[in-house]
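Number of protein chains: 2
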Amino acid sequence: MKKYAKQSRLLVAVDCIIFGFDGFKLKVLLVKRSFEPEKDKWSLMGGFVGPQESPENAASRVLTQLTGLKDVYMEQMRVFGNPDRDPIERTISITYFALIDIHKYEKQIDEQQYHAEWFSLKEIPSLIFDHKQMIEHGKLNLRYKASLHPILFELLPDKFTLTQVIDLFEQVFDVLLDKRNFNRKLSSTKLLVKQKDKDKMHSKKGAYYYKLNKKIYKDKFGAFLNFISNPKIG
Amino acid sequence: MKKYAKQSRLLVAVDCIIFGFDGFKLKVLLVKRSFEPEKDKWSLMGGFVGPQESPENAASRVLTQLTGLKDVYMEQMRVFGNPDRDPIERTISITYFALIDIHKYEKQIDEQQYHAEWFSLKEIPSLIFDHKQMIEHGKLNLRYKASLHPILFELLPDKFTLTQVIDLFEQVFDVLLDKRNFNRKLSSTKLLVKQKDKDKMHSKKGAYYYKLNKKIYKDKFGAFLNFISNPKIG
Numbered sequence: 139m140k141k142y143a144k145q146s147r148l149l150v151a152v153d154c155i156i157f158g159f160d161g162f163k164l165k166v167l168l169v170k171r172s173f174e175p176e177k178d179k180w181s182l183m184g185g186f187v188g189p190q191e192s193p194e195n196a197a198s199r200v201l202t203q204l205t206g207l208k209d210v211y212m213e214q215m216r217v218f219g220n221p222d223r224d225p226i227e228r229t230i231s232i233t234y235f236a237l238i239d240i241h242k243y244e245k246q247i248d249e250q251q252y253h254a255e256w257f258s259l260k261e262i263p264s265l266i267f268d269h270k271q272m273i274e275h276g277k278l279n280l281r282y283k284a285s286l287h288p289i290l291f292e293l294l295p296d297k298f299t300l301t302q303v304i305d306l307f308e309q310v311f312d313v314l315l316d317k318r319n320f321n322r323k324l325s326s327t328k329l330l331v332k333q334k335d336k337d338k339m340h341s342k343k344g345a346y347y348y349k350l351n352k353k354i355y356k357d358k359f360g361a362f363l364n365f366i367s368n369p370k371i372g
Numbered sequence: 139m140k141k142y143a144k145q146s147r148l149l150v151a152v153d154c155i156i157f158g159f160d161g162f163k164l165k166v167l168l169v170k171r172s173f174e175p176e177k178d179k180w181s182l183m184g185g186f187v188g189p190q191e192s193p194e195n196a197a198s199r200v201l202t203q204l205t206g207l208k209d210v211y212m213e214q215m216r217v218f219g220n221p222d223r224d225p226i227e228r229t230i231s232i233t234y235f236a237l238i239d240i241h242k243y244e245k246q247i248d249e250q251q252y253h254a255e256w257f258s259l260k261e262i263p264s265l266i267f268d269h270k271q272m273i274e275h276g277k278l279n280l281r282y283k284a285s286l287h288p289i290l291f292e293l294l295p296d297k298f299t300l301t302q303v304i305d306l307f308e309q310v311f312d313v314l315l316d317k318r319n320f321n322r323k324l325s326s327t328k329l330l331v332k333q334k335d336k337d338k339m340h341s342k343k344g345a346y347y348y349k350l351n352k353k354i355y356k357d358k359f360g361a362f363l364n365f366i367s368n369p370k371i372g
C-alpha cells in the first residue's frame with residue numbers, strides 16, 4: 139500500500155446549482171456565504187464532503203441546511219478541479235444540478251435562517267471563486283438536457299401561455315426568437331392543447347392557456363432517433 | 139479559516155474509460171493494475187491526482203503512462219464517491235470518457251510497457267472495485283451522446299458497410315435490430331451515400347460501401363429541436 143501513502147489528500151466540496159422558472163424568468167438560487175474567506179458574498183449552496191458521506195448525500199445535506207429545500211432531485215454535473223480555485227487550500231468541487239418549480243418551494247425557502255434568494259440569470263451578482271463559471275456550465279447542461287428531454291415544459295405551470303413558453307426558451311437558449319415562426323413550428327408539432335380559458339392578468343385582450351400533450355411530446359423526442367425504439371439513455 | 143481546518147482531506151483519483159470500434163466490435167481498453175491492492179487484476183487506466191495537477195491533466199498523464207496514448211480528447215464523465223469503494227482508503231474517483239478509432243492508435247498502444255488490451259463489451263473480465271459500474275455508466279453516456287451528436291458514425295471508418303452500421307448501433311444500444319426495417323429507415327434519411335465498390339472480404343456476394351453525408355447528418359440532428367437554430371449545447 140506504499141503507493142497510497144505517498145499521495146496528497148485534498149479537500150472535496152459540493153456546490154448546488156438550482157435553476158427555477160417563476161413563469162416569467164429563469165432564475166438561479168444563491169445564498170450568502172457564512173464563513174471566511176469571502177464571508178457574506180453571494181455563492182452557490184456549498185460545503186465540504188464528510189469522511190463517511192457520499193458526495194450525493196453531502197449535496198442534499200448542504201442544500202437542506204442552507205435553504206430548507208428537501209427531497210430535491212439533484213444530478214451530478216461536473217467537477218471543478220483547478221488547483222488554485224480556492225485561495226485558502228486546494229479544494230475539488232463536485233457540482234450538482236436541479237430544476238425546480240419556484241412557486242412550489244417558495245415557503246420552504248422563506249423559513250430558513252440563511253439568506254437564500256432567487257436571481258434572474260441576467261442579473262447575477264458577483265460570486266465567490268469560480269461559481270459564475272459553474273452557473274455557465276449549468277446553463278449549458280440545461281440546454282443539453284432540454285434538447286433530449288421535455289424538461290423545459292415541465293418547468294412551466296400546469297397551464298401556461300405561449301408567451302411563457304417563448305420567454306423560457308429564449309432565456310434557456312439565449313436567443314431572440316421570431317415569435318410568429320416559433321408559434322407556427324410549435325403548433326405544427328401538436329404538442330400543445332389549447333384550453334378554453336385565457337390569462338387576462340397580463341394583457342387586455344388576454345392570452346389563451348395551453349396544456350402539454352405529454353404523449354405526443356414524448357413520442358416527438360424519440361423521433362430524431364427513430365432507428366432505435368426507446369433507447370435507454372440514462 | 140477555522141472551517142477549513144476541521145475538514146477531512148480525501149484521496150482523489152481519475153479513471154479513464156476509452157471506448158473504440160474496430161469495425162466489428164465495440165470495445166473498451168483495460169490495463170493490468172500495477173500496484174496493491176488487486177495488483178495484476180484488470181482495471182481502467184487510473185491514478186491519483188497530484189497536488190498541483192488538475193483532474194484533466196491527471197487523466198491525460200495517467201493515460202499516456204499506462205497505454206502510450208497521447209492527444210486523446212477525453213471528457214469528464216462522473217464522480218464515483220461511495221465512501222467504501224476503495225478497501226484501503228477512501229478515494230473519490232473522477233471518470234473520463236473517450237471514443238477512439240482503434241486502428242488509428244494500434245501502434246501507440248502496442249509499444250507500451252504496461253499490458254493494455256481491448257476487450258469486447260460482451261467479454262469484460264472481472265474488474266477491480268467499481269470499475270464495471272464505471273463502464274456501465276460510460277455506455278449510458280455513449281448512448282446519450284449518440285442521441286445528440288453524430289459520434290457513432292465518426293467511429294466508423296471512412297467507408298463502411300451497412301452491416302457495420304447495424305453492428306455498431308446494436309452494440310451501443312444493446313438491442314437486436316430488425317435489419318430490413320433499420321436499413322429502410324436509414325435509407326430514407328439520405329444520410330448515407332452508396333459507393334461504387336464493395337467489401338468482398340466478408341461475403342461472396344460482397345456488400346456495398348457507404349460514406350456519410352456529413353452535411354445532411356448534421357442538419358438532421360438539429361431537426362428535432364428545430365425551434366432553435368444551432369443551439370449551443372456544449
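So the protein sequences, as listed, match chains S and H. Mapping of the first sequence onto the numbering used here: position 227 corresponds to residue 365, and the numbering continues sequentially without gaps. Mapping of the second sequence onto the numbering used here: position 51 corresponds to residue 189, and the numbering continues sequentially without gaps. All C-beta atoms in this analysis are idealised placements derived from N, C-alpha and C, irrespective of residue type, glycine included. The model shown is predicted, which means the values in this text are computed figures rather than measured ones.
Next item on the list: Using alpha carbons as the reference points, say which of Asp337(S), Lys353(S), Lys208(S) and Asn321(S) lies closest to Tyr347(S).
Entry: Residue 347(S) sits at position 209 when you count from the first residue of the first sequence. For the residues Asp337(S), Lys353(S), Lys208(S) and Asn321(S), the minimum Cα distance to Tyr347(S) belongs to Asp337(S).
Check: Would DSSP call Lys323(H) helix, strand or coil?
Finding: Position 185 of the second sequence, counted from the first residue, corresponds to residue 323(H). In the structure shown, Lys323(H) sits in a helix (DSSP, three-state: H, G or I).
Item checked: Continuous alpha helix (DSSP H) stretch holding Tyr142(S): start and end -> Residue numbering aside, residue 142(S) sits at position 4 when the first sequence is read from its first letter. Looking at the DSSP string, the run of the alpha helix (DSSP H) that includes Tyr142(S) is Lys140 to Ala143.
Next item on the list: Quick one: which unbroken alpha helix (DSSP H) runs of 4-plus residues sit fully inside the stretch 186-267 of chain S? Chain order, please.
Entry: 193-205 and 240-248
Item checked: Leu363(S) versus Leu148(S): straight-line alpha-carbon distance, rounded -> The residue you call residue 363(S) lines up with position 225 of the first sequence. The residue you call residue 148(S) lines up with position 10 of the first sequence. Here the model assigns Leu363(S) a pLDDT of 40, short of 50, so the residue's position is not dependable, and the following value carries that caveat. Approximately 42 angstroms between the Cα atoms of the pair.
Notebook entry, point to check: Quick one: complete alpha helix (DSSP H) runs, 4+ long, within the stretch 284-308 of chain S?
Noted result: 289-293
Checklist line | Rounded separation between Gln203(S) and Ile354(S) - CA only | finding: As a working note, residue 203(S) is residue 65 in the first sequence. As a working note, residue 354(S) is residue 216 in the first sequence. Roughly 40 angstroms between the two C-alpha positions.
Check: How about Ser146(S): is its C-beta nearer than 8 angstroms to some C-beta of chain H?
Finding: The residue you call residue 146(S) lines up with position 8 of the first sequence. Yes - at least one Cβ of chain H is within 8 angstroms of the one on Ser146(S).
Check: Who are Leu330(S)'s beta bridge partners in DSSP?
Finding: Here residue 330(S) refers to the residue found at position 192 of the first sequence. Per DSSP, Leu350(S).
Checklist line | Cβ-Cβ separation, Thr229(S) to Arg216(S) (assumed contact under 8 angstroms), whole Å | finding: Counting from 1 along the first sequence, the entry for residue 216(S) is found at position 78. Counting from 1 along the first sequence, the entry for residue 229(S) is found at position 91. With a Cβ gap of about 15 angstroms, Arg216(S) and Thr229(S) do not count as contacting.
Check: For Ile266(H) versus Arg171(H), is the C-beta spacing smaller than 8 angstroms?
Finding: On the second sequence, position 128 is the one that residue 266(H) refers to. On the second sequence, position 33 is the one that residue 171(H) refers to. Against a cut-off of 8 angstroms, the Cβ pair of Arg171(H) and Ile266(H) comes out as a contact.
Next item on the list: Along the beta strand (DSSP E) that carries Val152(S), what are the first and last residues, could you check?
Entry: Start at 1 with the first residue of the first sequence, and residue 152(S) comes out as number 14. Counting along the chain, the beta strand (DSSP E) containing Val152(S) begins and ends at Arg147 to Phe159.
Next item on the list: Give the interface partners of Lys353(H) over in chain S, defined as CB-CB distance under 8 angstroms, in chain order.
Entry: Looking up residue 353(H) in the second sequence gives position 215. Neighbours of Lys353(H) on chain S: none; closest Cβ ~17 angstroms, over 8 angstroms.
Next item on the list: Decide if Val331(H) is buried, meaning its Cβ has at least 16 other Cβ atoms within 10 Å, or exposed.
Entry: Mapped onto the second sequence, residue 331(H) falls at position 193. Exposed is the call here.
Next item on the list: Determine, using beta-carbon pairs with one atom in the stretch 160-177 of chain H and one in the stretch 192-202 of chain S, whether at least three such pairs fall under 8 angstroms.
Entry: no
Item checked: Exposed unless 16 or more other CB atoms sit within 10 angstroms - verdict on Asn319(S) -> Here the question's residue 319(S) lines up with position 181 in the first sequence. That one is exposed.
Check: Pro189(S) versus chain H: which residues are under 8 angstroms apart at the beta carbon?
Finding: On the first sequence, residue 189(S) is found 51 positions in, with the first residue counted as 1. Near Pro189(S) (Cβ distances below 8 angstroms), the residues of chain H are Ser146, Leu148, Pro221 and Arg228.
Next item on the list: Would you mind working out which of Gln333(S), Ile304(S) and Phe311(S) sits nearest Arg322(S), comparing C-alpha positions?
Entry: Position 184 of the first sequence, counted from the first residue, corresponds to residue 322(S). Taking only the C-alpha atoms, the option nearest Arg322(S) is Ile304(S).
Margin query: Looking at the secondary structure, which residues open and close the beta strand (DSSP E) in which Leu167(S) lies?
Written below: Your numbering for residue 167(S) matches position 29 in the first sequence. Counting along the chain, the beta strand (DSSP E) containing Leu167(S) begins and ends at Leu164 to Lys170.
Next item on the list: Check the Cβ of Phe186(S) against every Cβ in chain H and list those closer than 9 angstroms, keeping chain order.
Entry: Here residue 186(S) refers to the residue found at position 48 of the first sequence. What Phe186(S) touches in chain H: Lys141, Tyr142, Lys144, Gln145 and Ser146.
Margin query: In this structure, how does DSSP classify Gly344(S) when only helix, strand and coil are distinguished?
Written below: Within the first sequence, numbered from 1, the residue matching residue 344(S) stands at position 206. DSSP places Gly344(S) in coil when its eight states are reduced to three.
Check: In chain S, which residues lie with their C-beta within 9 angstroms of the C-beta of Ser231(H)?
Finding: Taking the second sequence and counting its residues from 1, one reaches residue 231(H) at position 93. Within 9 angstroms Cβ-Cβ: nothing; Ser231(H) doesn't reach chain S, min ~10 angstroms.
Margin query: Going by C-alpha to C-alpha distance, which of His269(S), Lys334(S), Ile155(S) and Gln145(S) sits closest to Phe298(S)?
Written below: As a first step, residue 298(S) is located in the first sequence; it is residue number 160 there, counting from the start. Minimum Cα distance to Phe298(S) is reached at Lys334(S).
Check: Looking only at its own chain, which residues have a Cβ that is under 8 angstroms from the Cβ of Asp160(H), when we skip the five neighbours before and after it?
Finding: One-based indexing of the second sequence puts residue 160(H) at position 22. So the qualifying residues of the chain are Ile240, His241 and Trp256.
Item checked: Distance, Gln309(S) Cα to Ser367(H) Cα -> Mapped onto the second sequence, residue 367(H) falls at position 229. Mapped onto the first sequence, residue 309(S) falls at position 171. The predicted model places Ser367(H) with a pLDDT of 47, which falls under 50 and marks its position as unreliable; any figure quoted below should be read in that light. Ser367(H) and Gln309(S): Cα-Cα distance of roughly 14 angstroms.
Notebook entry, point to check: Which chain S residues are close to Val217(H), counting only those with a beta carbon under 7 angstroms from its beta carbon?
Noted result: By 1-based counting over the second sequence, the position of residue 217(H) is 79. Going along chain S in sequence order, the residues near Val217(H) (Cβ under 7 angstroms) are Pro193, Gln214, Val217 and Ile232.
Check: If you run the structure through DSSP and keep just helix, strand and coil, what is Asp316(H)?
Finding: Taking the second sequence and counting its residues from 1, the one referred to as residue 316(H) is at position 178. Correct three-state label for Asp316(H): coil.
Notebook entry, point to check: Going along the chain, which residues of its own chain have a beta-carbon closer than 8 angstroms to the beta-carbon of Val187(H), five neighbours each way excluded?
Noted result: Position 49 of the second sequence, counting from 1, holds the residue named residue 187(H). Excluding residues within five positions, the ones whose Cβ falls inside 8 angstroms are Val150, Ala151, Val152, Pro193, Ala196 and Ile232.
Check: What's the call for Met183(H), buried or exposed, on a 16-neighbour Cβ count within 10 Å?
Finding: Residue 183(H) sits at position 45 when you count from the first residue of the second sequence. By the 10 Å Cβ count, Met183(H) comes out buried.
Note to self: For Lys336(S), list the residues DSSP reports as bridge partners.
What the structure shows: Working through the first sequence from its first residue, we reach residue 336(S) at position 198. DSSP lists Tyr346(S) as partners of Lys336(S).
Notebook entry, point to check: Shorter than 8 angstroms from the beta carbon of Phe257(H) to some beta carbon of chain S?
Noted result: Taking the first residue of the second sequence as position 1, residue 257(H) is located at position 119. Closer than 8 angstroms: no.
Check: Who does Val183(H) pair with in a DSSP beta bridge?
Finding: Reading the second sequence from its first residue, position 45 is the one you call residue 183(H). The sequence shown places Met at residue 183(H), rather than the Val named in the question. Cys154(H).
Notebook entry, point to check: Under 8 angstroms between C-beta atoms, does Phe173(H) make it to chain S?
Noted result: Mapped onto the second sequence, residue 173(H) falls at position 35. It does: the Cβ of Phe173(H) has a partner Cβ on chain S nearer than 8 angstroms.
Item checked: Outcome for Ala361(S) when other beta-carbon atoms lying within 10 angstroms are tallied against a minimum of 16 -> By 1-based counting over the first sequence, the position of residue 361(S) is 223. A caution first: Ala361(S) carries a pLDDT of 44, below 50, which makes its placement in the model unreliable, though a value can still be read off. Under this definition Ala361(S) is an exposed residue.
Notebook entry, point to check: Using the beta-carbon count (16 or more within 10 Å), is His178(S) buried or exposed?
Noted result: Walking along the first sequence from the start, residue 178(S) turns up at place 40. The question names His, yet the displayed sequence has Asp at residue 178(S). With fewer than 16 other Cβ atoms within 10 Å, it is exposed.
Next item on the list: Sort Gln251(H), Asp222(H) and Asp224(H) by Cα distance to Leu201(H) and report the nearest one.
Entry: Within the second sequence, the letter at position 63 stands for residue 201(H). Ranking Gln251(H), Asp222(H) and Asp224(H) by Cα distance to Leu201(H) puts Gln251(H) first.
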